[in-house]
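Undergrad:
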Amino acid sequence: MVVVSPQLVKALVAGSRLLEEAYYTLLNDVEVQALWEMANVMAVKRLRYNDHGPVHAQIAAGAALYLYQLLRKKGVESTLVKDGIVDTEDEAALVPLVGALLHDVGNSVHRDNHERVGALLSEPIVSRLLGSLIDDPRKRVRLRQEILHSIYCTAYDVDCLTVEAGCVKVGDGLDMAEGRARVPYSLGNINIHSLSALSIKSVEVLEGESSPVKILVYMDETAGVFQVDEVLMPKLKTTPLRKYVEVYAISGDRVLKTYSPS
Numbered sequence: 247m248v249v250v251s252p253q254l255v256k257a258l259v260a261g262s263r264l265l266e267e268a269y270y271t272l273l274n275d276v277e278v279q280a281l282w283e284m285a286n287v288m289a290v291k292r293l294r295y296n297d298h299g300p301v302h303a304q305i306a307a308g309a310a311l312y313l314y315q316l317l318r319k320k321g322v323e324s325t326l327v328k329d330g331i332v333d334t335e336d337e338a339a340l341v342p343l344v345g346a347l348l349h350d351v352g353n354s355v356h357r358d359n360h361e362r363v364g365a366l367l368s369e370p371i372v373s374r375l376l377g378s379l380i381d382d383p384r385k386r387v388r389l390r391q392e393i394l395h396s397i398y399c400t401a402y403d404v405d406c407l408t409v410e411a412g413c414v415k416v417g418d419g420l421d422m423a424e425g426r427a428r429v430p431y432s433l434g435n436i437n438i439h440s441l442s443a444l445s446i447k448s449v450e451v452l453e454g455e456s457s458p459v460k461i462l463v464y465m466d467e468t469a470g471v472f473q474v475d476e477v478l479m480p481k482l483k484t485t486p487l488r489k490y491v492e493v494y495a496i497s498g499d500r501v502l503k504t505y506s507p508s
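Residue numbers (the numbering used here): 247 to 508.
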């Protein structure tokens with residue numbers, strides 16, 4: 247079991263030279279840092295929404311990478327390996343890691359259509375990163391397209407076509423504890439969006455008994471169910487992960503609602 251948090255991604259990349267190099271290269275990339283900064287200028291300062299910058303990027307990346315590693319441990323096949331895009335598990339894992347780190351940079355232009363804009367903005371960054379990591383130029387292009395696919399598909403109305411991209415989309419939705427809802431709500435306003443967001447206290451991901459993955463969403467008010475219904479489940483249902491993940495909304499010692507794989 248792990249708790250979704252900003253520290254998770256650092257622990258997960260530590261066992262892989264490729265993932266560790268990718269993570270720290272992006273973390274120290276001046277352009278990426280500036281895009282994260284501008285994403286929060288637009289989202290937080292101007293639109294008065296919740297965080298969409300570097301903290302959220304790392305929370306989403308940790309959640310996405312853990313989901314992917316857990317699914318593989320439980321026997322779920324990598325789409326990228328199956329389709330011949332890459333040769334190794336570490337190469338496939340670059341998609342949940344890099345896609346999640348960059349998925350919200352489109353907010354640096356505007357909230358509207360930020361997933362589409364983010365995919366375009368990320369292309370030179372991903373190309374630069376893969377140029378330092380992958381020797382085969384054709385594989386670099388294939389991987390680049392898969393990462394851009396994962397960013398594009400974080401939009402609610404777009405279906406993810408790979409397990410790896412699905413981990414990015416669901417990992418994004420798991421950053422909802424302590425007011426960090428992924429449906430933006432206006433800071434300072436009291437409404438169902440803000441009340442439900444503040445109700446979520448923690449999110450845990452662990453191996454399921456009847457499914458590969460179990461997600462536990464702990465809340466102190468029943469209003470928190472709104473976040474699960476309106477944020478997490480719409481994302482999950484547009485990914486291949488919908489077949490492998492069960493979700494529980496919990497308040498105290500009560501299970502308020504359960505969601506079974508579809």
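Note that CB positions come from ideal geometry on N, CA and C, so glycine has one too. What you are looking at is a predicted structure, and each value in this text was computed from that prediction instead of being measured.
1) Should R388 go down as buried or exposed, given a rule of 16 or more other Cβ atoms within 10 Å for buried?
2) From the DSSP output, in three-state form, read off V459 for me.
3) In chain order, what residues of the same chain have a beta carbon less than 7 Å from the beta carbon of D403, not counting five sequence neighbours either side?
4) Under 8 Å Cβ to Cβ from Q315, same chain only, skipping five residues before and after it: list those, please.
5) Alpha carbon to alpha carbon, how far is Y505 from V471?
6) Taking the straight line between their C-alpha atoms, what separation do you get for D418 and D350?
7) Please name the residue, chosen from H356, G454 and G498, that lies closest to P507 on a Cα-to-Cα basis.
8) Report buried or exposed for S354, applying the criterion of at least 16 other Cβ atoms within 10 angstroms of its Cβ.
9) From which residue to which residue does the beta strand (DSSP E) around A310 run?
10) For the 8 Å Cβ check, are there 3 or more pairs between the stretch 292-308 and the stretch 319-330?
11) Exposed or buried, which one is S456 when buried takes at least 16 other CB atoms within 10 Å?
TA: A quick look at the data gives this:
1) Position 142 of the sequence shown, counting from 1, holds the residue named residue 388. By the neighbour-count rule (16 or more Cβ atoms within 10 Å), R388 is buried.
2) Taking the first residue of the sequence shown as 1, we reach residue 459 at position 213. Secondary structure at V459: strand, using DSSP grouped into helix, strand and coil.
3) For the purposes of this step, residue 403 is taken as the residue at position 157 of the sequence shown. The answer is none, since no qualifying residue turns up.
4) Here the question's residue 315 lines up with position 69 in the sequence shown. The residues are L258 and A339.
5) Reading the sequence shown from its first residue, position 259 is the one you call residue 505. Reading the sequence shown from its first residue, position 225 is the one you call residue 471. Roughly 11 Å separates the two Cα atoms.
6) Position 172 of the sequence shown holds residue 418. Position 104 of the sequence shown holds residue 350. Each residue's alpha carbon lies about 9 Å from the other.
7) Taking the first residue of the sequence shown as 1, we reach residue 507 at position 261. Closest option to P507, Cα to Cα, is G454.
8) Walking along the sequence shown from the start, residue 354 turns up at place 108. The residue in question, S354, is buried, as its Cβ has 16 or more Cβ neighbours within 10 Å.
9) Residue 310 sits at position 64 when you count from the first residue of the sequence shown. It is not in any beta strand (DSSP E) - A310 instead sits in the alpha helix (DSSP H) that spans P300 to K319.
10) no
11) Here residue 456 refers to the residue found at position 210 when the sequence shown is read from its first residue. Burial call: exposed.
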